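Below: the structure, in C-alpha cells.
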Amino acid sequence: MAEFTEVEPHVPREAVDAARALAERDKIEVVVALGGGSAMGVGKGVVSGEGRTLIAIPTTYAGSEMTPVFGTTDRAERRKMVRRDDAVLPKLVIYDPEVTLELSPELTAATAINALAHCIEACYALDVNPLVPPVALEGIRRIVRSLPLCITNGRNLDAREDLLTGAYLAGFSIGNATMALHHGICHVLGGKTGVAHGVLNTIMLPHVMQFNADAVPDAMSAIAEAMEAGARTRDFAAAPRGVAALVASLPVPKRLRDAGVPEAILDEVATEAAGNATVRNNPKPVTDADLRELLHRAW
Ligand SMILES: [Fe+2]
Numbered sequence: 004m005a006e007f008t009e010v011e012p013h014v015p016r017e018a019v020d021a022a023r024a025l026a027e028r029d030k031i032e033v034v035v036a037l038g039g040g041s042a043m044g045v046g047k048g049v050v051s052g053e054g055r056t057l058i059a060i061p062t063t064y065a066g067s068e069m070t071p072v073f074g075t076t077d078r079a080e081r082r083k084m085v086r087r088d089d090a091v092l093p094k095l096v097i098y099d100p101e102v103t104l105e106l107s108p109e110l111t112a113a114t115a116i117n118a119l120a121h122c123i124e125a126c127y128a129l130d131v132n133p134l135v136p137p138v139a140l141e142g143i144r145r146i147v148r149s150l151p152l153c154i155t156n157g158r159n160l161d162a163r164e165d166l167l168t169g170a171y172l173a174g175f176s177i178g179n180a181t182m183a184l185h186h187g188i189c190h191v192l193g194g195k196t197g198v199a200h201g202v203l204n205t206i207m208l209p210h211v212m213q214f215n216a217d218a219v220p221d222a223m224s225a226i227a228e229a230m231e232a233g234a235r236t237r238d239f240a241a242a243p244r245g246v247a248a249l250v251a252s253l254p255v256p257k258r259l260r261d262a263g264v265p266e267a268i269l270d271e272v273a274t275e276a277a278g279n280a281t282v283r284n285n286p287k288p289v290t291d292a293d294l295r296e297l298l299h300r301a302w
C-alpha cells in the first residue's frame, strides 16, 4: 500500500509521473482517489494505460469521477491538455455527503458552479443525446436549490446530499456530452494562470451563457425554468441573468482581475482559445474578436 498526497490544481504532469512511479514501485493494482477534481485527475493518471482499477470518493462537486475526461497541465508550457479515455472511469464511486461537511464555503461555491456549468454545457452540446438534458436539468434544480443552503450552513447534511447528487448528475451529463466554449476557455485560462478550475467557472459562466443565449434559446429557456428564473416568458436571457445573480451571492471572486489574472495575458489567452478544439465545439461560432471581448468583459 502507498499514499500520495501531493495533489495540486490542474493536475501538473509531474504529480501524475510521481504518483505513477510510486504505484509502479509498490505494485499497486487498486487506486482510491479521495478528494476533488485534481485528486481524481491524479487517480486517472495513475490507472491510465496500466489496467489498474480506480475507486473514487469525491469530496467536492467537480464531478470528475463520472467522466472519462482526463486533464494534465504542462507547467513549463503553461498549457492544460484534456483527453477522453474510457479506461480511466472509476469502477466504483462512493458518494458520502459526510465527507463534504467540512468543505469551505469558497470551495463549495466554486466547485458547485463548476457542476452547474457541466449541466449547462450538456444542455446545448452539439452532440446532445436525448438522455442527457433531463438529467442535466435535474442537476441544475438540485444545485440551485441546495447551494445557498450549504453556504449558509456547511453542516446541513440534507443540503450537502442534495448538492452532491446534483454534482453526480452534472458529472454524468458532461461525461456524455461534448464540452464547449465555457470549458474550453476555462481550460486555456487554467493552464496559463494556475487559477483553480472552479474559480474560473464562477467568473466565466455568466458571460459565456450571455454570449451563447441567442444561439440556443430553447436550451436556455429550459435551463431558466429549472432555475425558476422566469422561463415562461421565453426570455432566453433569463438563464444567464439567473446564473449571474447566483454567482453574485457567493463567496467567490467575481472578475478575472480579482482572481489575480493579469490583463496583459488576455489577448494571448484569446488567441490560444481560438484554436482550442473544445472552444470550436461551441453551438455558436466564436471568433477571435468574440473571445477578446468576452475575456475583457470578465476581467
Ligand atoms: Fe469543469
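Here the sequence shown is numbered in this note's numbering, starting from 4 and rising by one per residue.
For glycine and all other residues, C-beta sits at the position ideal for the given N, C-alpha and C.
Since the model is a prediction, treat every value here as computed from it, not as a measurement.
By how many angstroms is the C-alpha of residue j removed from the C-alpha of residue i?
i       : j       : result
Ile-60  : Gly-46  : 11 Å
Gly-52  : His-186 : 25 Å
Ala-301 : Met-182 : 20 Å
Leu-95  : Arg-23  : 20 Å
Ala-118 : Arg-28  : 35 Å
Phe-7   : Asp-89  : 23 Å
Arg-55  : Val-135 : 29 Å
Asn-204 : Gly-44  : 17 Å
Val-219 : Gln-213 : 11 Å
Asp-130 : Ala-262 : 33 Å
Ala-229 : Asp-270 : 35 Å
Thr-196 : Val-264 : 7 Å
Met-304 : Leu-104 : Limits of the chain in this structure are 4 at one end and 302 at the other, which puts residue 304 out of reach.
Glu-9   : Ala-42  : 9 Å
Val-19  : Gly-48  : 6 Å
Ile-143 : Asn-284 : 22 Å
Ala-26  : Ile-58  : 15 Å
Asp-293 : Pro-286 : 14 Å
Ala-36  : Arg-237 : 43 Å
Val-50  : Glu-11  : 18 Å
Arg-158 : Val-255 : 19 Å
Leu-110 : Lys-30  : 34 Å
Ile-268 : Arg-260 : 11 Å
Ser-107 : Asn-156 : 10 Å
Measuring alpha carbon to alpha carbon, tell me which residue in the options is nearest residue i.
i       : options                            : result
Gly-174 : Ala-22, His-13, Ser-67             : Ser-67
Ile-123 : Ile-58, Leu-172, Leu-297           : Leu-172
Phe-73  : Thr-103, Val-91, Glu-296           : Val-91
His-210 : Glu-80, Ala-65, Glu-32, His-299    : His-299
Ile-146 : Ile-188, Gly-39, Val-202, Thr-114  : Thr-114
Glu-101 : His-121, Val-50, Ala-120, Leu-166  : Leu-166
Tyr-98  : Val-202, Ala-199, Thr-168          : Thr-168
Glu-80  : Ala-18, Asp-221, Ala-120, Val-191  : Val-191
Leu-253 : Thr-63, Ile-206, Ile-226           : Ile-206
Thr-62  : Glu-164, Glu-32, Ile-226           : Glu-164
Asn-179 : Pro-71, Ser-41, Arg-86             : Pro-71
Ala-277 : Arg-237, Ile-188, Ile-116, Ala-227 : Ile-188
Ala-227 : Ser-149, Thr-281, Cys-126          : Cys-126
Val-361 : Gly-39, Asp-238, Ser-149, Asp-291  : Past the boundaries of the shown model lies residue 361; the chain is included only from 4 to 302, so the question cannot be answered.
Phe-33  : Thr-281, Leu-150, Pro-137, Ala-5   : Contrary to the premise, residue 33 reads as Val rather than Phe in this sequence. Per the Cα distances, Ala-5.
Pro-243 : Ala-222, Pro-256, Arg-260          : Ala-222
Met-84  : Arg-295, Thr-281, Glu-296, Thr-155 : Thr-281
For a test of the three-state rule: what should DSSP assign to residue i, helix, strand or coil?
i       : result
Ala-65  : coil
Phe-73  : strand
Ala-3   : Nothing in the structure corresponds to residue 3, since the chain is present only between 4 and 302.
Thr-8   : coil
Ala-26  : helix
Pro-256 : coil
Gly-38  : strand
Thr-56  : strand
Leu-104 : coil
Val-50  : helix
Pro-15  : strand
Leu-95  : strand
Val-33  : strand
Thr-181 : coil
If we call anything under 8 Å between Cβ atoms a contact, is residue i one with residue j?
i       : j       : result
Arg-82  : Gly-245 : no
Ala-162 : Cys-153 : yes
Ala-216 : Ala-240 : yes
His-121 : Thr-76  : no
Leu-184 : Val-289 : yes
Ala-170 : Tyr-64  : yes
Ile-116 : Gly-38  : no
Counting along the chain, where does the beta strand (DSSP E) carrying residue i start and finish?
i      : result
Lys-83 : 82-87
If you follow the alpha helix (DSSP H) that residue i is part of, which residue opens it and which one closes it?
i       : result
Ile-143 : 135-155
Ala-242 : 241-251
Hey, is residue i's beta-carbon within less than 8 Å of any beta-carbon in chain C?
i       : result
Glu-296 : The structure shown has no chain C; it contains just one protein chain.
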